[in-house]
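Everything in the sequence shown is counted per this note's numbering, starting at 70 for the first residue and increasing by one.
See below for the structure under consideration.
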Amino acid sequence: MKLYLDPGHGGSDPGAQGNGLDEKDITLDIALRIRNLLNNNYKDADVRMSRTGDSSVSLDERTNEANAWGADYFLSIHCNAFNGDAQGYEDYIHSSLSDSSKTAEYRDVMHEEVTKVNRLRDRGKKKANFHVLRESVMPAMLSENGFITNDHDAALMRDASWRQTVAQGHVNGLERAFGLKPKEESDVLYKVIAGSFQSRKNAEQRADYLKSKGIEAFVSPATISGEQWYRVQAGAFSKRKNAEQRLEKVRNAGIKDAYILKEGKGADSGGGSDGYAIKGKTFLSPELMDQFVKEVNADAIKIGIHYLIFGEYYGIRGDVAFAQAMHETDYLRFTGVVQPEQNNFCGLGATGPDNPGASFDTPREGVLAHIQHLFAYATTDSLPDKYPLVDPRFDLVARGSAPTWVKLNGKWAVPGDNYGQSILKLYERMLTSSIEQFQQLKQKIT
Ligand SMILES: [Zn+2]
Numbered sequence: 070m071k072l073y074l075d076p077g078h079g080g081s082d083p084g085a086q087g088n089g090l091d092e093k094d095i096t097l098d099i100a101l102r103i104r105n106l107l108n109n110n111y112k113d114a115d116v117r118m119s120r121t122g123d124s125s126v127s128l129d130e131r132t133n134e135a136n137a138w139g140a141d142y143f144l145s146i147h148c149n150a151f152n153g154d155a156q157g158y159e160d161y162i163h164s165s166l167s168d169s170s171k172t173a174e175y176r177d178v179m180h181e182e183v184t185k186v187n188r189l190r191d192r193g194k195k196k197a198n199f200h201v202l203r204e205s206v207m208p209a210m211l212s213e214n215g216f217i218t219n220d221h222d223a224a225l226m227r228d229a230s231w232r233q234t235v236a237q238g239h240v241n242g243l244e245r246a247f248g249l250k251p252k253e254e255s256d257v258l259y260k261v262i263a264g265s266f267q268s269r270k271n272a273e274q275r276a277d278y279l280k281s282k283g284i285e286a287f288v289s290p291a292t293i294s295g296e297q298w299y300r301v302q303a304g305a306f307s308k309r310k311n312a313e314q315r316l317e318k319v320r321n322a323g324i325k326d327a328y329i330l331k332e333g334k335g336a337d338s339g340g341g342s343d344g345y346a347i348k349g350k351t352f353l354s355p356e357l358m359d360q361f362v363k364e365v366n367a368d369a370i371k372i373g374i375h376y377l378i379f380g381e382y383y384g385i386r387g388d389v390a391f392a393q394a395m396h397e398t399d400y401l402r403f404t405g406v407v408q409p410e411q412n413n414f415c416g417l418g419a420t421g422p423d424n425p426g427a428s429f430d431t432p433r434e435g436v437l438a439h440i441q442h443l444f445a446y447a448t449t450d451s452l453p454d455k456y457p458l459v460d461p462r463f464d465l466v467a468r469g470s471a472p473t474w475v476k477l478n479g480k481w482a483v484p485g486d487n488y489g490q491s492i493l494k495l496y497e498r499m500l501t502s503s504i505e506q507f508q509q510l511k512q513k514i515t
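As structure tokens, this is what we get:
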């Protein structure tokens with residue numbers, strides 16, 4: 070499906086102005102978010118934009134380009150202006166079209182999906198003789214996302230998480246209207262985001278509040294359009310249905326602006342466009358990690374603490390590394406060629422029954438080697454020197470060749486087509502389980 074995405078105005082034309090905001094900036098930001106969501110999460114969405122920066126593009130240039138390209142849909146993003154009182158969302162199709170036209174059908178879906186999430190007064194579905202609707206040869210819609218001249222609407226426009234939500238609403242509409250195919254389930258995570266803040270303190274307060282309501286949450290830093298943000302994440306799921314259930318719970322706890330962020334693992338938090346990164350903070354506590362394994366293997370030794378400490382020191386996701394260890398050792402049951410007494414939790418050097426790989430004196434040293442090996446893949450930095458190098462294969466790694474978990478495919482495990490995905494799946498189960506544990510704990514206390 071070819072989408073021509075048109076952020077209104079730009080360059081010398083600021084569009085509507087109010088409350089210190091220019092329409093052209095808001096429309097561009099929302100449109101870029103729509104494009105990113107489509108590129109990250111769908112197999113079959115081909116997006117072209119009338120502008121991707123603050124440039125002047127005439128209305129003729131826009132429709133000519135869309136027509137010449139042969140777009141399937143023309144989507145124009147705008148914000149409204151009037152007196153201070155008018156507020157809300159509305160969308161337009163061309164005035165010549167009937168309510169039973171294909172264009173009207175698409176619009177019905179778009180309107181429903183956008184208004185479901187945008188927290189704006191619904192001003193209805195409208196028609197007008199706008200240039201972009203008239204001169205585009207494909208079905209076209211123009212959305213007016215709030216009034217820049219209204220205090221309530223303008224306050225939302227200033228909020229990046231609102232702009233993200235509005236983008237997601239448009240994307241949800243496009244997915245339904247055009248039957249867009251999401252990337253493989255294993256490649257997509259549905260994250261429940263319970264607010265985004267520019268102040269880490271505010272984000273932490275929100276996370277604490279959720280925890281007080283029995284909902285496990287953590288703060289996840291994200292760089293959005295070059296700015297530092299702190300998202301409060303309350304769960305991540307490979308199935309949308311599960312994410313929606315969690316979203317409901319979060320909203321019932323009073324966080325009305327929570328939303329689902331659908332992310333391709335090829336472009337996930339922490340790593341920006343580098344993917345679901347190996348480098349980053351460890352979020353799960355050692356107790357939660359160890360408890361997770363105990364549910365499967367009651368005899369498992371406790372190694373969570375080493376993953377936390379070494380992960381933090383080397384800047385590696387210790388909790389995801391722990392998931393990798395559970396994947397490699399079959400939850401520390403060691404059902405493969407590596408034996409428990411080797412303390413080799415990540416199959417270092419193990420290639421088969423004749424070569425069970427490296428051995429380490431203690432579990433602690435085995436974990437240290439694991440984290441050092443990940444460090445070798447994830448970075449080109451020299452190894453920090455607080456601990457000795459115990460990974461016997463550190464120097465054999467093509468340094469920096471796998472900044473993400475998925476990039477380990479075919480490197481750490483051969484052939485390992487889905488190696489990184491399997492680790493992330495297991496990690497996701499750890500997250501879910503940690504939330505359940507937290508809730509059980511809370512019930513015991515209250
Ligand atoms: Zn406009």
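Backbone N, C-alpha and C define an ideal beta-carbon position, used for all residues, glycine too.
This one's a predicted model, so the numbers in the text were calculated from it and none came from an experiment.
Measure the CB-CB distance between residue 226 and residue 90 and report whether it falls below 8 angstroms.
Against the sequence shown, residue 226 aligns to sequence position 157. Against the sequence shown, residue 90 aligns to sequence position 21. The Cβ-Cβ distance between residue 226 and residue 90 falls below 8 angstroms.
Should residue 243 be labelled buried (16 or more other beta-carbon atoms within 10 Å of its own) or exposed?
In the sequence shown, the residue the question calls residue 243 occupies position 174. So residue 243 ends up on the buried side.
Is any heavy atom of ligand 1 found at a distance shorter than 7 angstroms from the C-beta of residue 135?
In the sequence shown, counting from the first residue as 1, residue 135 sits at position 66. No, Cβ of residue 135 sits at least 7 angstroms from all heavy atoms of ligand 1.
Do you know offhand how far residue 315's Cα is from residue 261's?
Counting from 1 along the sequence shown, the entry for residue 315 is found at position 246. Counting from 1 along the sequence shown, the entry for residue 261 is found at position 192. Between residue 315 and residue 261, the alpha-carbon positions lie close to 7 angstroms from each other.
Going straight from the alpha carbon of residue 395 to that of residue 401, what length do you get?
Position 326 of the sequence shown, counted from the start, is the residue given in the question as residue 395. Position 332 of the sequence shown, counted from the start, is the residue given in the question as residue 401. Straight through space, the alpha carbons of residue 401 and residue 395 are spaced by roughly 6 angstroms.
Could you tell me which uninterrupted beta strand (DSSP E) segments, each at least 3 residues in length, are contained entirely in the region 88-119, listed from first to last along the chain?
Segments of the beta strand (DSSP E) lying fully in the region 88-119: 115-118.
Residues of its chain near residue 477, where Cβ-Cβ distance is below 7 angstroms and the 5 sequence neighbours each way are ignored
Start at 1 with the first residue of the sequence shown, and residue 477 comes out as number 408. Same-chain partners within the cutoff: 446, 471, 488, 489.
Give the single residue among 467, 142, 320, 449 whose Cα lies nearest to the Cα of residue 283.
By one-based count along the sequence shown, residue 283 stands at place 214. Selected option, being the one with the closest Cα: 320.
Suppose you measure from the CA of residue 207 to the CA of residue 120; what does that come to, to the nearest Å?
The residue you call residue 207 lines up with position 138 of the sequence shown. The residue you call residue 120 lines up with position 51 of the sequence shown. Going by the C-alpha atoms only, they are around 19 angstroms apart.
With a threshold of 16 other CB atoms inside 10 Å of the CB of residue 352, please say whether the residue is buried or exposed.
If you number the sequence shown from 1, residue 352 lands on position 283. Looking at its Cβ environment, which holds 16 or more other Cβ atoms inside 10 Å, residue 352 is buried.
For residue 452, which option in 290, 158, 361, 384 has the closest C-alpha, if you only look at C-alpha atoms?
The residue labelled residue 452 in the question sits at position 383 within the sequence shown. Looking at the Cα atoms, 384 is the closest of the given residues.
Starting from the C-beta of residue 403, find all residues in its chain whose C-beta is less than 8 angstroms away, skip the five residues before and the five after it, and write them out in chain order.
Position 334 of the sequence shown, counting from 1, holds the residue named residue 403. Excluding positions up to five away in sequence, the list reads 409.
On a CA-only basis, which of 386, 97, 414, 379 is nearest residue 454? Give me that one, please.
Locating residue 454 in the sequence shown gives position 385, counting from the first residue. Ranking the options by Cα distance to residue 454, first place goes to 379.
Reference residue 246, options 83, 433, 235, 182, closest by Cα:
Translated into the one-based positions of the sequence shown, residue 246 becomes position 177. Among 83, 433, 235, 182, the Cα nearest to that of residue 246 is on 182.
Anyone know if the C-beta pair for residue 264 and residue 230 falls short of 8 angstroms?
Locating residue 264 in the sequence shown gives position 195, counting from the first residue. Locating residue 230 in the sequence shown gives position 161, counting from the first residue. Cβ distance < 8 angstroms, so residue 264 and residue 230 count as in contact.
Taking 7 angstroms as the cut-off, does the CB of residue 209 come closer than this to any heavy atom belonging to ligand 1?
Your numbering for residue 209 matches position 140 in the sequence shown. Proximity of the beta carbon of residue 209 to ligand 1 is not indicated: no heavy atom of the ligand is located closer than 7 angstroms.
Rounded separation between residue 456 and residue 190 - CA only:
The residue you call residue 456 lines up with position 387 of the sequence shown. The residue you call residue 190 lines up with position 121 of the sequence shown. Going by the C-alpha atoms only, they are around 59 angstroms apart.
Quick one: give me the first and last residue of the alpha helix (DSSP H) that residue 171 is part of.
Translated into positions along the sequence shown, residue 171 becomes position 102. 171-186 is the span of the alpha helix (DSSP H), which, as asked, contains residue 171.
Cβ atoms of residue 224 and residue 87: under 8 angstroms apart, would you say?
Here residue 87 corresponds to residue number 18 of the sequence shown, with the count starting at 1. Here residue 224 corresponds to residue number 155 of the sequence shown, with the count starting at 1. Cβ distance not < 8 angstroms, so residue 87 and residue 224 don't count as in contact.
Closest by CA to residue 386, which one among 97, 203, 439?
Locating residue 386 in the sequence shown gives position 317, counting from the first residue. The shortest C-alpha separation from residue 386 is found at 439.
Spatial neighbours of residue 155 in its chain, beta-carbon cut-off 6 angstroms, leaving aside the 5 residues before and after:
Indexing the sequence shown from 1 puts residue 155 at position 86. Closer than 6 angstroms at Cβ, skipping near neighbours: 216.
Can you name, in chain order, every residue of its own chain whose Cβ lies under 8 angstroms from the Cβ of residue 469, other than the five neighbours on each side?
Position 400 of the sequence shown, counted from the first residue, corresponds to residue 469. Cβ within range, chain order: 446, 447, 448, 449.
Rounded C-alpha distance that separates residue 173 from residue 502:
Locating residue 173 in the sequence shown gives position 104, counting from the first residue. Locating residue 502 in the sequence shown gives position 433, counting from the first residue. Whole-angstrom Cα-Cα distance: 44 angstroms.
If you follow the alpha helix (DSSP H) that residue 149 is part of, which residue opens it and which one closes it?
Position 80 of the sequence shown, counting from 1, holds the residue named residue 149. Where residue 149 is concerned, there is no enclosing alpha helix (DSSP H), although the beta strand (DSSP E) it sits in stretches over 142-149.
Buried or exposed for residue 370, going by 16 or more other Cβ atoms inside 10 Å?
Along the sequence shown, one-based indexing puts residue 370 at 301. Exposed, since its Cβ has fewer than 16 Cβ neighbours within 10 Å.
List the endpoints of the continuous alpha helix (DSSP H) containing residue 189.
As a working mapping, residue 189 is identified with position 120 in the sequence shown. First-last for residue 189: undefined, no H or E at that position.
Quick one: what's got a C-beta closer than 8 angstroms to residue 407's C-beta in the same chain, skipping five residues either side?
As a first step, residue 407 must be located in the sequence shown, where it is residue number 338. Result list for residue 407: 397, 398, 413, 416, 419, 425, 426, in chain order.
Between residue 74 and residue 104, how many whole angstroms is the CB-CB distance? I'm expecting something under 8 angstroms.
Residue numbering aside, residue 74 sits at position 5 when the sequence shown is read from its first letter. Residue numbering aside, residue 104 sits at position 35 when the sequence shown is read from its first letter. Contact between residue 74 and residue 104 holds: CB atoms are separated by about 6 angstroms, below the 8 angstroms threshold.
Using three-state DSSP, classify residue 358 as helix, strand or coil.
Taking the sequence shown and counting its residues from 1, one reaches residue 358 at position 289. Note: residue 358 maps to helix in three-state DSSP.
Buried versus exposed call for residue 367 [16 or more other C-beta atoms within 10 Å across all chains shown]:
By 1-based counting over the sequence shown, the position of residue 367 is 298. Per the 10 Å Cβ criterion, exposed.
Alpha carbon to alpha carbon, what distance is there between residue 136 and residue 326?
Here residue 326 corresponds to residue number 257 of the sequence shown, with the count starting at 1. Here residue 136 corresponds to residue number 67 of the sequence shown, with the count starting at 1. Distance between residue 326 and residue 136, taken at the CA atoms: about 37 angstroms.
Opening and closing residue of the alpha helix (DSSP H) in which residue 33 lies
For the chain, the structure presents residues 70 to 515; residue 33 sits outside this window and is missing.
Could you check whether residue 160 and residue 212 sit closer than 8 angstroms to each other, using their CB atoms as the reference points?
Position 143 of the sequence shown, counted from the start, is the residue given in the question as residue 212. Position 91 of the sequence shown, counted from the start, is the residue given in the question as residue 160. In this structure, residue 160 lies closer than 8 angstroms to residue 212 by Cβ.
Please confirm whether any heavy atom of ligand 1 lies closer than 7 angstroms to the CB of residue 92.
Start at 1 with the first residue of the sequence shown, and residue 92 comes out as number 23. Correct: residue 92 has its Cβ closer than 7 angstroms to ligand 1.
Since residue 96 and residue 162 should fall inside the 8 angstroms C-beta cutoff, what is the C-beta to C-beta distance between them, to a whole number of angstroms?
Here the question's residue 96 lines up with position 27 in the sequence shown. Here the question's residue 162 lines up with position 93 in the sequence shown. At roughly 18 angstroms, the Cβ-Cβ gap does not stay under 8 angstroms, so residue 96 and residue 162 are not in contact.
Just jot down, in chain order, the residues whose CB lies closer than 5 angstroms to any heavy atom of ligand 1.
The filter returns 77, 84, 147, in chain order.
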